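>
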Amino acid sequence: AVVSTQSTGFMVGGDEARFSEVKSCLDHMGAAIIHCGDNGNGLVVKLCNNMMLAISMIGASETLNMGIRMGMDRKLLSEIMSKSTARCWSIDTYNPVPGVLEGVPASREYQGGFGATLMLKDLGLAESMATASQSPIQLGAIAKQTYETLCKDEEYAPKDFGVMFKYLQDQDS
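Using the working numbering, you'd call the opening residue of the sequence shown number 1323 and step up by one each time.
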């Protein structure tokens, strides 16, 4: 998969003086280069972000699937949700429904993008971080269980994490 420097972000933890020394190199590699404080904080931010993203993708996939099953047009439903209180990146920028947005993995049979197995890995790391920090993550735990189930099936495991929509669409309720 090709990584676009226009959308890639780097969350960097460590000494601020050292970060300042290497930032100009990192600027060529991504759109957002953010110093996150102490060593390790870049990983903390990444895991928090990806856990939220997994939860969001599951919610977007569930609601879009339900609306489509109820007879809503996929594009109209997505358009309305992207302009209402349900608006989120998983709907307006990376929509998991094939035929809604061009250029996203859902428009390429979920090829490319961020793999479901990588999302599962990050959810496992986030769960370990939550345990270490004694932070309750009820939805994060459910997201991890959901991606674990999805990744047991070789039809879905090697694809982009937005394949959650197809996984749910293929279920009989």
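Yeah, the Cβ is synthetic: ideal placement off N, Cα and C, and Gly gets one too. What you are looking at is a predicted structure, and each value in this text was computed from that prediction instead of being measured.
Find out if the Cβ-Cβ distance for the pair D1395, Y1432 is shorter than 9 Å.
Their beta carbons are not under 9 Å apart, which means D1395 does not touch Y1432 by this criterion.
> Starting from A1354, follow the beta strand (DSSP E) in both directions and report where the run begins and ends.
Per DSSP, A1354 belongs to the beta strand (DSSP E) from A1354 to H1357.
> Tell me where the alpha helix (DSSP H) around F1341 begins and ends.
Unbroken alpha helix (DSSP H) run through F1341: E1338 to D1349.
> Spatial neighbours of F1436 within its chain, please: C-beta separation below 7 Å, excluding the five flanking residues on both sides.
Once the five neighbours on either side are set aside, the close Cβ partners of F1436 are D1482 and F1483.
> Per DSSP, which one or two residues make a beta bridge with D1496?
Nothing can be reported for residue 1496, as the shown portion of the chain is limited to 1323 through 1495.
> I'd like to confirm the pairing. Which residues does DSSP put opposite G1421 in its beta bridges?
In DSSP, G1421 forms no bridge with anything.
> From K1443 to I1459, what distance separates their C-alpha atoms?
Rounded to whole angstroms, K1443 to I1459 spans 16 Å at the Cα level.
> Looking only at its chain, what residues have a beta carbon closer than 7 Å to the beta carbon of L1423, apart from the 5 residues adjacent to it on each side?
Here the set comprises N1417 and S1429.
> List the whole-angstrom C-beta distance separating S1404 from D1414, where the pair is believed to meet the contact cut-off of C-beta under 8 Å.
So it is a contact: roughly 4 Å between Cβ atoms.
> Looking at the unbroken beta strand (DSSP E) that takes in V1334, where does it start and where does it end?
Where V1334 is concerned, the enclosing beta strand (DSSP E) stretches over G1331 to V1334.
> If L1490 sits next to E1384, beta carbons under 8 Å apart, how far is it from one beta carbon to the other, in whole angstroms?
At roughly 6 Å, the Cβ-Cβ gap stays under 8 Å, so L1490 and E1384 are in contact.
> In chain order, what residues of the same chain lie with their CB nearer than 8 Å to the CB of S1332, ignoring the 5 residues before and after it?
The residue asked about is misnamed: residue 1332 is Phe in this sequence, not Ser. Hits under 8 Å: L1348, M1351, G1352, A1354, I1355, I1356 and G1364.
> May I have the straight-line CA-CA distance separating A1438 from V1366, to the nearest angstrom?
A1438 and V1366: Cα-Cα distance of roughly 20 Å.
> Taking C-alpha atoms, which residue in G1381, A1408, R1340 and V1334 lies nearest to G1362?
That would be V1334, whose Cα lies nearest to the Cα of G1362.
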